[in-house]
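Protein chains in written order, with the working numbering: chain A, 5 to 253; chain B, 984 to 1427. A virtual CB, placed ideally from N, CA and C, is assigned to each residue, including glycine. Just so it is clear, the structure is predicted and the values come from calculations on it, not from any experiment. Since the structure comes first, as structure tokens, the remarks are kept for the end.
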């Protein structure tokens, strides 16, 4: 991690039409290059809305976002080439092969020709899917689909990667593969914002954690530090202590 | 190094174009809807309607004439029916009876039949002479004359308009023959009557003088028409509205508009998965994505339209129909198909953004296309609809497309003549894209 500020979000607020309460209110975040930040929260806490605003998918009602010195609210097009997103849902065409999918997404991000072929090879090797490059996505298992989803998100070598529950619903082997991939990417300098419901993943991967509930930041800091501050032995205990035991359907 | 915005736009356009073609290549259901359905429809409907148009008089009428008379009337009627060029005439004599011809026509072997009974010419000539003699004597007939009839029948499937037309032709021919006989009779009997009158009224001497220098009368030849009705065509080129000329453009449009199904289906698939999110986050202004998608589907529309034209040129004539005639405006037809494709793609885009599920999109698209086709005159020509439906037909994009095709195909029109229809289709496209864009912003 470097001291160079990559993302600076201040007082982000977003209220959806017809909703009484804002989905996110007064959210602040400073993200340095090479950081791996975990965003935790129960269902409906505002994690996806926060990631959507930070990744320029939706505009905040108020607040500012600066990414790599560019105003991401007023001119999001200027920084999108340096952002990558791995959405919660599979963001690939199921009737296309993995190679066709990666070629498509690569070209949309301005990668083409020999560099594109090279990146497809590197990314498929990285997620251990080289052997199935010419198979259609609908023939993949759940874990393979998630890994393919990750490959599409990193193909254009973004500086900042947003991951929205990338390991949900897959087997232990695939999850292990994805987590080691992410660790490797972060070691290589990629900054990441990661949301998940798996506390142990955050504890393993993230240098910093932000816990949100009802659209507001409940606590944030280095994992060890906030565990000590709240006198908890592990992250799940801290999470339940801060967000309560009520079901969030 | 990042590519320039123009290169980026072009790369995105190409990427989406190739991706859409890959998706369509693997969508067998979509391909069937786009290619097999319109081809099957155009083949079936053209062949079915080819017969219907025959019974409605758009093509040569098959007629049988049984001439038991073997006199001058039969010969004259045969000559004049052949002269019209509208009849494919089969002539029989004693070999076919009255009952046989009636039966054959009623079962559709021929669309119309004429029966001339034995001795008809002779009877008519006698009746005409009687009438002329009575006229010259200025006396009423001693007894009413027996009416001589040339009988005709129709296949019950022949439509009323065509029946009226054939009835008119036959009535005219019969009247013409009667007039000819009357004139011939006058030509013979009038001088004799004058001679008799002069001898009786002025004395035998005058009669002898008249006999030495007989009074002659010569009616003009029948061919010298003093008044005739002449049909004038508005355009130099006039093509008969056959089933092919109507159905090839009509069902091509129907097929073109079915592009809505795969297009809205892909967008809904993207929306239901994370693809849409990722697409919204790509660098650039998304015009490349929109245009690449449109070009892919429009290219498919053009292939589809070309295929339909090939069927009209080569396949349907092999099955016994007429050949499609394009009236020398090839490019204009493709411009109409292109604008229709744009309107269809616009609606597909809108449906893909607005619909909540693939089922809803399929249902809405199918109902909208069929209603628009019905209103637009794809199934029944607009001029045959009730006034209310005719006024509703102006809102059908398929109707605009069909109108443009008909102006080019049947009315000898040019690109200039179809500008209003093309503008309507383009406005429809831009309106759909605008609403989609607004809705997309709302969705985000």
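In chain B, which residues lie less than 7 angstroms from residue 91 of chain A when you measure between Cβ atoms? The sequence position of residue 91 of chain A within the first chain is 87, counting from 1. 1257, 1260 and 1261, listed in chain order.
Members of the stretch 38-65 of chain A near chain B, C-beta cut-off 9 angstroms: Hits within the stretch, in order: 56, 59, 60, 61, 62 and 63.
Within chain B, the residues that residue 122 of chain A reaches when beta carbons sit closer than 9 angstroms: Here residue 122 of chain A refers to the residue found at position 118 of the first chain. Within 9 angstroms Cβ-Cβ: nothing; residue 122 of chain A doesn't reach chain B, min ~16 angstroms.
Quick check: the stretch 1108-1121 of chain B against the stretch 1083-1090 of chain B, are at least 3 beta-carbon pairs closer than 8 angstroms? In short, these stretches do not touch, since the Cβ pair count stays below three.
Below 8 angstroms on the Cβ atoms is my guess for residue 965 of chain B versus residue 1317 of chain B; work out the distance and round it to an integer in Å. Because residue 965 of chain B is not part of the residues shown, which for chain B are 984 to 1427, the question remains open.
Taking Cβ positions only, does residue 1265 of chain B come closer than 8 angstroms to chain A? Locating residue 1265 of chain B in the second chain gives position 282, counting from the first residue. Taking Cβ atoms only, chain A reaches closer than 8 angstroms to residue 1265 of chain B, which makes this a yes.
Does the beta carbon of residue 112 of chain A come closer than 8 angstroms to any beta carbon on chain B? Working through the first chain from its first residue, we reach residue 112 of chain A at position 108. Closer than 8 angstroms to some Cβ of chain B, the Cβ of residue 112 of chain A qualifies, so yes.
Could you give the distance in angstroms between the alpha-carbon of residue 1254 of chain B and the alpha-carbon of residue 1378 of chain B? To locate residue 1254 of chain B, count along the second chain from 1; it is residue 271. To locate residue 1378 of chain B, count along the second chain from 1; it is residue 395. When only Cα atoms are considered, residue 1254 of chain B and residue 1378 of chain B end up about 30 angstroms apart.
Compute the Euclidean distance between the alpha carbons of residue 53 of chain A and residue 1266 of chain B, then round it to the nearest angstrom. For the purposes of this step, residue 53 of chain A is identified with residue 49 of the first chain, where counting begins at 1. For the purposes of this step, residue 1266 of chain B is identified with residue 283 of the second chain, where counting begins at 1. Rounded to the nearest whole angstrom, the CA to CA distance from residue 53 of chain A to residue 1266 of chain B is 20 angstroms.
If we call anything under 8 angstroms between Cβ atoms a contact, is residue 1020 of chain B one with residue 1056 of chain B? Working through the second chain from its first residue, we reach residue 1020 of chain B at position 37. Working through the second chain from its first residue, we reach residue 1056 of chain B at position 73. It is not a contact, given that the beta carbons lie outside the stated cut-off.
Measuring CA to CA, which of A:58, A:187 and A:162 is closest to residue 115 of chain A? The count along the first chain starts at 1 and reaches residue 115 of chain A at position 111. Answer by Cα proximity: A:162.
Could you work out which residue in A:33, A:200, A:26 and A:112 is closest to residue 42 of chain A when comparing CA atoms only? Translated into positions along the first chain, residue 42 of chain A becomes position 38. When only C-alpha atoms are compared, the closest one is A:200.
If the cut is a Cβ gap below 8 angstroms, which residues of chain B does residue 104 of chain A touch? Translated into positions along the first chain, residue 104 of chain A becomes position 100. Against chain B, a Cβ distance below 8 angstroms from residue 104 of chain A picks out 1002 and 1005.
For the beta strand (DSSP E) holding residue 36 of chain A, just list the boundary residues, first then last. One-based indexing of the first chain puts residue 36 of chain A at position 32. Start and end: 28-36.
Could you tell me which chain A residues have their CB closer than 9 angstroms to the CB of residue 998 of chain B, listed as they occur along the chain? As a first step, residue 998 of chain B must be located in the second chain, where it is residue number 15. Near residue 998 of chain B (Cβ distances below 9 angstroms), the residues of chain A are 107, 108, 109, 110, 111, 112 and 116.
Between the alpha carbons of residue 1414 of chain B and residue 1420 of chain B, how many angstroms are there, rounded? Here residue 1414 of chain B refers to the residue found at position 431 of the second chain. Here residue 1420 of chain B refers to the residue found at position 437 of the second chain. Straight-line Cα distance between these residues: approximately 10 angstroms.
Please say whether residue 1194 of chain B and residue 1184 of chain B have beta carbons closer to each other than 8 angstroms? Counted from its first residue, the second chain places residue 1184 of chain B at position 201. Counted from its first residue, the second chain places residue 1194 of chain B at position 211. For the 8 angstroms CB-CB criterion, residue 1184 of chain B and residue 1194 of chain B do not form a contact.
Just to confirm, does residue 1108 of chain B get its C-beta within under 7 angstroms of one of the non-hydrogen atoms of the ligand ATP? The ligand ATP is not part of this structure, which contains no ligands at all.
Per DSSP, the bridge partner or partners of residue 60 of chain A: As a first step, residue 60 of chain A must be located in the first chain, where it is residue number 56. Partner(s): none; residue 60 of chain A has no beta bridge.
Contact set between the stretch 132-164 of chain A and chain B, restricted to residues whose Cβ is under 7 angstroms from the partner: So the list is empty, because no residue satisfies the distance condition.
Exposed or buried, which one is residue 1132 of chain B when buried takes at least 16 other CB atoms within 10 Å? One-based indexing of the second chain puts residue 1132 of chain B at position 149. Exposed: under 16 other Cβ atoms inside 10 Å.
Below 9 angstroms on C-beta distance, what does residue 1339 of chain B contact in chain A? In the second chain, residue 1339 of chain B corresponds to position 356, counting from 1. Within chain A, not a single residue places a beta-carbon under 9 angstroms from that of residue 1339 of chain B; the smallest gap is close to 16 angstroms.
Do you know whose CA, among A:33, A:39 and A:22, lies nearest residue 7 of chain A's CA? What you label residue 7 of chain A is simply residue 3 of the first chain in a count that begins at 1. Sorting A:33, A:39 and A:22 by C-alpha distance to the C-alpha of residue 7 of chain A places A:39 at the top.
Alpha carbon to alpha carbon, what distance is there between residue 1300 of chain B and residue 1059 of chain B? For the purposes of this step, residue 1059 of chain B is identified with residue 76 of the second chain, where counting begins at 1. For the purposes of this step, residue 1300 of chain B is identified with residue 317 of the second chain, where counting begins at 1. For residue 1059 of chain B and residue 1300 of chain B, the gap between their C-alpha atoms comes out near 35 angstroms.
Could you give the DSSP three-state label for residue 99 of chain A: helix, strand or coil? Sequence index remark: in the first chain, residue 99 of chain A carries index 95 (1-based). Coil at residue 99 of chain A, not helix or strand.
Should residue 19 of chain A be flagged as near chain B, meaning a C-beta pair shorter than 8 angstroms? One-based indexing of the first chain puts residue 19 of chain A at position 15. At least 8 angstroms separates the CB of residue 19 of chain A from every CB of chain B.
Using CA coordinates, which residue listed in B:1025, B:1168 and B:1083 is at the minimum distance from residue 1048 of chain B? By one-based count along the second chain, residue 1048 of chain B stands at place 65. Of the residues B:1025, B:1168 and B:1083, the one whose Cα lies closest to the Cα of residue 1048 of chain B is B:1083.
How should residue 237 of chain A be labelled, buried or exposed, when 16 other C-beta atoms within 10 angstroms of its C-beta is the threshold for buried? As a working mapping, residue 237 of chain A is identified with position 233 in the first chain. In the assembly as shown, residue 237 of chain A is an exposed residue. Its beta-carbon has fewer than 16 other beta-carbons within 10 Å.
Applying the criterion that 16 or more other CB atoms from any shown protein chain within 10 Å of the CB defines a buried residue, is residue 1033 of chain B buried or exposed? Your numbering for residue 1033 of chain B matches position 50 in the second chain. Buried: at least 16 other Cβ atoms inside 10 Å.
Mind checking residue 216 of chain A: buried by the 16 CB within 10 Å criterion, or exposed? To locate residue 216 of chain A, count along the first chain from 1; it is residue 212. Per the 10 Å Cβ criterion, buried.
Spatially closest choice to residue 1406 of chain B from B:1323, B:1335, B:1271 and B:1264, by CA coordinates: One-based indexing of the second chain puts residue 1406 of chain B at position 423. Taking only the C-alpha atoms, the option nearest residue 1406 of chain B is B:1323.
Along the stretch 194-215 of chain A, where does the CB come closer than 8 angstroms to a CB of chain B? Name the residues. Per Cβ criterion, the list is empty.
Write down the C-beta distance between residue 1388 of chain B and residue 1337 of chain B rounded to the nearest angstrom, noting that I regard them as a contact closer than 8 angstroms. Taking the second chain and counting its residues from 1, the one referred to as residue 1388 of chain B is at position 405. Taking the second chain and counting its residues from 1, the one referred to as residue 1337 of chain B is at position 354. So it is not a contact: roughly 29 angstroms between Cβ atoms.
Step through the CB atoms of chain E and report whether any lies within less than 8 angstroms of the CB of residue 246 of chain A. The structure shown has no chain E; the protein chains it does contain are A and B.
Just the Cα atoms here: how many angstroms apart are residue 1429 of chain B and residue 1116 of chain B? Because chain B is modelled from 984 through 1427, residue 1429 of chain B falls outside the range shown and cannot be assessed.
Is any beta-carbon of chain B found at less than 8 angstroms from that of residue 99 of chain A? What you label residue 99 of chain A is simply residue 95 of the first chain in a count that begins at 1. Closer than 8 angstroms: yes.
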